[in-house]
Structures are given as structure tokens and as C-alpha cells.
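Asks: Take a look at this one; I'll ask things after.
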Amino acid sequence: MFFQIIDILGTVAFAVSGVLVAMNKRMDLFGVLIIAFVTAVGGGTLRDMLIGQTPVSWMTNMTYVYVIFGATILAIILKDKINYLRTSLFLFDTIGIGLYTVVGIEKGIQAELHPIICIALGTMTACFGGVIRDILCNEIPVVFRKEIYATACILGGLTYFLLREFMNDTNFVFVIAGLIVIIVRLLAVKLKISLPNLYRDK
Amino acid sequence: MFFQIIDILGTVAFAVSGVLVAMNKRMDLFGVLIIAFVTAVGGGTLRDMLIGQTPVSWMTNMTYVYVIFGATILAIILKDKINYLRTSLFLFDTIGIGLYTVVGIEKGIQAELHPIICIALGTMTACFGGVIRDILCNEIPVVFRKEIYATACILGGLTYFLLREFMNDTNFVFVIAGLIVIIVRLLAVKLKISLPNLYRDK
Amino acid sequence: MFFQIIDILGTVAFAVSGVLVAMNKRMDLFGVLIIAFVTAVGGGTLRDMLIGQTPVSWMTNMTYVYVIFGATILAIILKDKINYLRTSLFLFDTIGIGLYTVVGIEKGIQAELHPIICIALGTMTACFGGVIRDILCNEIPVVFRKEIYATACILGGLTYFLLREFMNDTNFVFVIAGLIVIIVRLLAVKLKISLPNLYRDK
């Protein structure tokens with residue numbers, strides 16, 4: 001129940017971020033809905049296709065569909081007020097990637113994949129919805145350029161596998177790893193830390 | 001036989017639309033061929049990957065390959081005359097999305113998915129070839145911005161599931177739903193209806 | 001052993017080409033790593049998803065992960081000297097597509113697909129990593145516009161199926177087809193041959 005609420009909050013935050021980007025690109029209602037949907041479920045969809053768990057998860061769980069649809073409609077109606085919600089949405093989004101990261105890792109473990117691959121799946125689950133959103137909107141994905149978003153997921157994933165060496169309570173490890181993702185992301189934004197840019201001329 | 005002819009006409013129309021976009025982007029012969037191919041089969045391919053029906057359908061039915069190859073070569077040869085065919089191509093395309101929508105819905109029903117997911121699969125089958133074409137050509141997908149294309153597919157899908165409540169003859173429902181897609185699209189173009197643009201400033 | 005070394009050299013060349021493109025786009029470390037990864041394994045990943053061989057191959061063979069990670073770090077460190085390595089990298093890349101083409105064809109044959117589809121899978125394995133790299137970097141894929149890259153793969157694939165009619169030693173045919181890809185590509189670059197551009201006005 002607790003995780004389910006977090007999951008829904010994360011989905012709402014992702015969907016709304018999609019709505020905002022799509023509206024800035026002057027898309028019509030259908031376009032906005034698709035971008036919201038893809039932002040929210042794109043990472044998990046790619047993960048499921050790569051490991052062969054099909055039909056992909058949102059197809060067999062209508063909750064996502066209803067939540068994304070509702071969030072999109074609300075975001076469109078409240079579009080002028082959404083700036084006031086920016087802090088809440090940032091928090092939802094941050095909590096969302098923490099959860100999505102651990103969900104992705106769990107799926108990798110269930111498929112008996114190598115820990116590095118599991119961490120990659122967790123990061124993908126959290127970050128690739130935004131990547132596909134940006135590609136559909138004809139932008140270079142923001143996660144490749146500006147933010148410490150993915151790094152937080154990777155650190156959370158490493159924490160997960162490190163702690164599992166010492167602890168048997170996987171639910172507890174699950175929560176700690178998700179919190180690491182959230183804390184790293186919050187600290188990075190607070191302290192304006194970002195990864196080095198590798199551009200060569202200067 | 002009748003459906004097969006419609007299928008081939010739709011495939012031709014989609015492939016030719018790919019050829020035209022690719023030639024405008026100054027692609028070479030290989031690029032044009034790939035864009036034609038992706039436009040024609042991309043939607044069904046994504047659908048098959050999402051529901052896990054692999055190898056995806058065009059890999060086990062060479063008809064598509066030959067039709068797309070032939071249509072591409074013809075379109076390149078006749079490129080200066082293709083403007084005269086614009087109306088025919090528009091009709092083929094419209095008939096094509098009607099058929100593709102219903103084919104996608106059928107696949108979803110076979111995979112025992114929720115009606116909303118089935119409608120999404122139908123719309124995806126009809127529209128996502130064009131989306132992938134536009135991404136490969138570095139454009140924001142036109143279906144997200146300008147046309148009532150996807151809406152026609154969604155309305156056709158809703159019709160399908162509504163009528164199935166009352167009718168047992170699924171073939172008949174199949175045809176009606178496809179016709180709804182076609183009629184909505186024709187009316188929308190005729191009456192210049194489009195979805196509201198949600199851009200916020202003004 | 002011999003093929004494994006070629007495979008690693010090809011993977012290195014693909015990864016480094018990704019690093020260079022990503023650094024020119026001013027991506028951060030995470031972005032550069034993802035682009036390197038996608039360039040090296042993207043074609044094979046798409047192939048595996050299309051034929052339903054999941055988890056896709058790099059998920060169950062950590063060699064690729066380590067090689068790509070190492071090549072990326074080295075390329076970033078040596079970025080100022082990479083121009084001197086350009087000829088070596090071009091050769092690795094060319095040998096790589098020769099091998100990747102034949103690997104893709106083999107996978108198609110194992111899945112009992114039509115020769116034309118097998119050739120498409122081979123070409124996809126060799127070329128689509130670069131296509132995905134270019135899409136993620138917001139460019140029209142270079143393989144659709146400028147080079148005779150894909151044509152070399154297709155000719156190698158045709159050679160494979162022609163020779164198999166007359167020869168029983170599939171390993172030998174494997175090598176010959178790969179060499180055809182390499183030779184065609186080298187000749188095309190040497191003689192500045194490229195596919196005709198089909199742009200219509202003039």
C-alpha cells in the first residue's frame with residue numbers, strides 16, 4: 001500500500017513532466033497524452049522488452065493507464081497554476097526515480113541477470129522515460145547533458161548490492177537503496193553538483 | 001482476399017509517404033528504402049514487440065517486404081509525377097489506417113488484453129510507423145501536432161468495443177469499426193477539424 | 001578465439017565512435033557512456049528484440065559491458081590523441097561491421113527466417129547502433145545519407161547466401177561474406193563511391 005502510493009505519485013510526476021514538455025512543443029491533445037504516457041512508462045517498457053517480459057507491465061495493470069490519463073487531464077486544466085506545484089512535482093519525481101530504480105533492479109534479479117545489468121535496468125527504468133520523451137520532442141535527452149539524475153540511480157543500485165552482502169532483510173535494503181537515490185538527487189540539486197562535461201575544446 | 005488487397009494498398013500508401021519524406025531529407029537510396037519500410041511496418045513492429053509476439057509479423061510474411069520494395073522503387077522512378085497521385089495516396093493511406101487499427105485491436109484481443117489497451121494497440125499499429133519515420137528524419141512527429149489521425153483510430157476502436165456488446169458477428173463489427181476510422185478521417189480533413197493545440201501563452 | 005578478438009576490436013571501434021559523437025554534443029560522463037554503449041550494442045539489441053531472443057545478448061555476456069566501459073574511459077582520457085588513431089579505428093570499425101553482419105545473418109538462420117530477412121538482420125546488427133546513436137544525438141542518421149556502409153553489409157549478405165548454394169563449409173562462407181563487407185567498404189571509401197542521392201529538385 002505504501003509503495004503503491006509512492007508508485008502513483010512518481011507516475012503522476014513523470015506524466016506531468018511529459019505534459020509540460022509536450023505543451024511547450026505546441027502539441028495537440030493526443031500528442032500531449034502520448035508524451036505523458038511515454039514519459040511515465042517508457043523506461044519500464046524498454047526494460048520489459050529487453051528482458052522479454054511481455055506483454056509489458058502497463059498492459060496488464062490498468063492503474064497506470066488511469067493515473068496517467070487523470071494526471072494529464074488535470075495538468076492541462078491546471079496548466080497556469082502548475083508553476084506553484086513545481087516543488088511538489090520535483091519531490092514526487094525524485095521519490096519516483098528512487099522507487100523506479102529499485103523496481104528495475106528487482107526485475108533484473110528475478111531474471112537472474114548480473115548485478116551490473118540489474119543496476120543498468122534500474123537506471124533505465126528511472127531515466128529512459130525522459131529520454132524517449134525528449135527524442136519524441138526532438139531534443140537531445142536532458143539526462144545525457146545536465147543533471148546528476150542517472151548517477152543517483154547508479155549509486156542507489158550499487159548501495160543495493162553492497163548492502164545485500166551484509167543484510168538478509170531485502171525489503172530493508174530495498175528501502176535504503178531507494179533513499180540513497182533520493183538523497184543523492186536532492187543533495188546534487190541543492191549543491192548544484194553535476195557531472196563533468198567532456199567537451200574537448202576548452 | 002478483399003482484406004489482403006486493402007492491406008497491400010495501405011502498405012503502399014505508407015511506404016510512399018516514407019519515400020517522400022526521406023527524399024525531402026536528401027537521403028540516399030538505402031535511407032529512402034529504410035524510411036519507407038519503417039513507415040509501413042513500424043507501428044505493427046512496435047505492437048508485436050510490446051505484446052511479445054516475435055519474430056515480429058513482417059519477418060514471417062514476405063509479402064510486406066516485396067510490396068514495400070516495389071512501392072519504393074516505383075515511387076522513386078515516378079517521383080515527378082507523384083503529385084498527381086496525391087489524392088489516391090491519401091485515400092489508400094486512410095483506408096490503410098482503418099484496416100491497421102482493426103488488425104491491432106484483434107491482436108490485443110488475442111493476447112487477452114483490456115479493451116483500452118487493445119484500442120491503444122490499434123492506434124499504435126496505424127500511427128506509429130509515421131512517428132518512427134519522423135523521428136528518423138529528425139522531426140517532431142506530425143501526428144502529435146497537426147492531424148486528427150490518431151483520434152479517428154481511437155474512435156474506431158471505441159466503436160468496435162461498443163458494437164461488440166450488441167452484435168455477435170465480429171467480422172461485421174470489424175468492418176464497421178474500420179469504416180468509422182476512415183469516415184472520421186475523411187470528414188476531419190474535409191471540414192478542416194483538428195484537435196485543440198494546448199500551447200499556453202495565448 | 002580469432003573471432004572473439006575481432007568482435008572485441010569491432011566493439012571498441014563502435015564505442016569510440018559513440019564517445020566522439022557524444023563529446024561533440026557536449027554530453028556529460030553518463031551521456032557519453034550511454035551513447036558509447038548504444039552505438040556498440042544497439043544494432044544487436046534491436047535484432048534480438050525483433051526476433052524475440054531475450055534477455056538480449058549483452059545482458060548475458062558481461063564481456064561487452066567491460067570492453068565498452070574500458071574503451072569509453074580510455075577514449076575520454078586519450079581524447080586529444082584520438083585523431084592519430086583515426087585510421088586504426090576506421091579499420092576496426094570496418095572489420096567490426098563485417099563480423100556483425102555475419103553474426104546477424106547467423107541469428108536469422110537459427111530463427112529459421114527467410115534469407116532476405118536474415119540479410120536485413122545482418123545489416124541491422126552492423127548499422128543500427130549508429131542509427132540509434134544519431135537519433136539520441138538529435139541528428140539524421142548518417143548511414144541514411146552519406147556512406148555506402150549498409151550497402152557493403154547487404155552485398156556481404158547476398159554473397160553469403162549465394163555461396164551457401166555451392167559450398168558446404170559454412171565457416172568458410174562466413175569468412176568470405178565478412179571479407180566482402182570489409183572489401184566493399186574499403187573500396188567505397190578509397191574510391192569515394194556513394195549511393196545516389198534521390199533529392200528531387202535538381
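Chains as they are written, first to last, in full-length UniProt numbering: chain A, 1 to 202; chain B, 1 to 202; chain C, 1 to 202. Cβ atoms here follow ideal geometry from the backbone N, Cα and C, with glycine treated the same way.
1) Using a cut-off of 9 Å between C-beta atoms, extract the partners of R133(A) located in chain C.
2) Which residue marks the beginning of the alpha helix (DSSP H) containing G43(A), and which one marks its end?
3) Taking only beta carbons into account, state which residues of the UniProt domain "Glycine transporter" (91-164) of chain A come closer than 7 Å to chain B, listed in chain order.
4) Counting Cβ pairs, one atom from each stretch, are 3 or more of them under 8 Å apart for the stretch 25-36 of chain C and the stretch 140-150 of chain A?
5) Using the C-alpha atoms, what's the distance from T159(A) back to V65(C)?
6) On the three-state DSSP scale, how would you describe V56(B)?
7) Check whether the Cβ atoms of I183(B) and G157(B) lie closer than 8 Å to each other.
8) So is L50(A) in contact with chain C if we call contact Cβ pairs under 8 Å?
9) So, are the CB atoms of G10(A) and L85(A) less than 8 Å apart?
10) Nearer than 7 Å: is that true of the beta carbon of L113(B) relative to any heavy atom of the ligand ADP?
11) Measuring CA to CA, which of F14(B), V56(B) and R47(B) is closest to T72(B)?
12) Would you call the stretch 125-142 of chain A and the stretch 37-53 of chain A in contact, with 3 or more CB pairs under 8 Å?
13) Spell out whether any CB of chain B is found under 8 Å from the CB atom of K25(A).
14) Go through the stretch 155-195 of chain B residue by residue and report every complete run of the alpha helix (DSSP H) that reaches 4 residues or more, in order.
15) Leaving aside the five residues before and after I105(C) along the sequence, list all residues of the same chain whose C-beta is less than 7 Å from its C-beta, in chain order.
16) In angstroms with no decimal places, state the Cα-to-Cα distance between D7(B) and N61(B).
17) With a threshold of 6 Å on Cβ separation, who are the neighbours of A111(A) within its own chain once the five nearest residues in sequence on each side are excluded?
18) Tell me whether D93(B) is buried or exposed, calling it buried when 16 or more other Cβ atoms sit within 10 Å of its Cβ.
19) Between M59(C) and chain A, is the shortest Cβ-Cβ distance under 8 Å, so that the two count as touching?
20) Among residues of its own chain, excluding the 5 on either side of T125(A), which ones have a beta-carbon nearer than 8 Å to its beta-carbon?
21) Can you check whether the C-beta of M62(B) is within less than 8 Å of a C-beta belonging to chain C?
22) Hey, quick one: how far does the alpha helix (DSSP H) through E139(C) stretch, first residue to last?
23) List the residues of chain A that E31(C) touches, going by C-beta distances under 7 Å, in chain order.
24) Against V65(A), what residues of chain B qualify as contacts under a CB-to-CB distance less than 9 Å, listed in chain order?
25) Compute the distance between the beta-carbons of I135(C) and L179(B), then report whether it is under 8 Å.
26) Rank V19(A), L163(A) and T151(A) by C-alpha distance to the C-alpha of I193(A) and give the top, closest one.
27) Contact defined as beta carbons within less than 8 Å: I believe V175(C) pairs with M167(C). What is the distance between those atoms, to the nearest angstrom?
28) Could you give the first and the last residue of the continuous alpha helix (DSSP H) run that contains A71(A)?
29) Go ahead and label L20(A) buried or exposed: buried means 16 or more other beta carbons lie within 10 angstroms of its beta carbon, across all protein chains shown.
30) Measure the CB-CB distance between I97(C) and V16(C) and report whether it falls below 8 Å.
31) When you compare each of M59(A), G70(A) and Y149(A) to V189(A) by their alpha carbons, which one comes out closest?
32) Residues in the same chain with beta-carbon distance under 7 Å from L33(A), minus the five sequence neighbours each way, listed in chain order, please.
33) Over what stretch of residues does the alpha helix (DSSP H) that includes D93(B) continue unbroken?
34) Whole angstroms is fine: what's the gap from K202(A)'s alpha carbon to Q53(A)'s?
35) So which residues of chain A does D7(C) contact, with C-beta pairs closer than 8 Å?
36) In this structure, how does DSSP classify I116(B) when only helix, strand and coil are distinguished?
Replies: In terms of the structure at hand:
1) Those do not exist, as R133(A) stays about 13 Å from chain C at its closest Cβ, beyond 9 Å.
2) L29 to I51
3) I135, L136, C137 and N138
4) yes
5) Those two C-alpha atoms are separated by around 20 Å.
6) coil
7) no
8) yes
9) no
10) This structure does not include the ligand ADP; it has no bound ligands of any sort.
11) When C-alpha distances from T72(B) are compared across F14(B), V56(B) and R47(B), the shortest belongs to F14(B).
12) yes
13) yes
14) 170-190
15) Setting aside the 5 residues that flank it on each side, I105(C) is surrounded in the same chain by C118, I119, L121, G122, G157 and Y160, each with a C-beta closer than 7 Å to its C-beta; the list follows chain order.
16) D7(B) and N61(B): Cα-Cα distance of roughly 13 Å.
17) I51
18) buried
19) yes
20) G43, G44, R47, Y100, T101, V103, G104 and K107
21) yes
22) E139(C) -> no alpha helix (DSSP H), and no H or E assigned at all.
23) Note that residue 31(C) corresponds to Gly in the displayed sequence, not to Glu. The answer, in chain order, is F144 and R145.
24) The contacting residues are H114, I116, I117 and A120.
25) no
26) T151(A)
27) Not really, about 11 Å apart at Cβ, beyond 8 Å.
28) M62 to I77
29) By the 16-neighbour rule on beta-carbons within 10 angstroms, L20(A) is buried.
30) no
31) Y149(A)
32) T72
33) From DSSP, the alpha helix (DSSP H) with D93(B) extends over R86 to Q110.
34) With a pLDDT of 39 at K202(A), under the threshold of 50, the predicted position of this residue should be treated as unreliable, and no value is reported.
35) None at all; the shortest Cβ gap to chain A is about 19 Å.
36) helix
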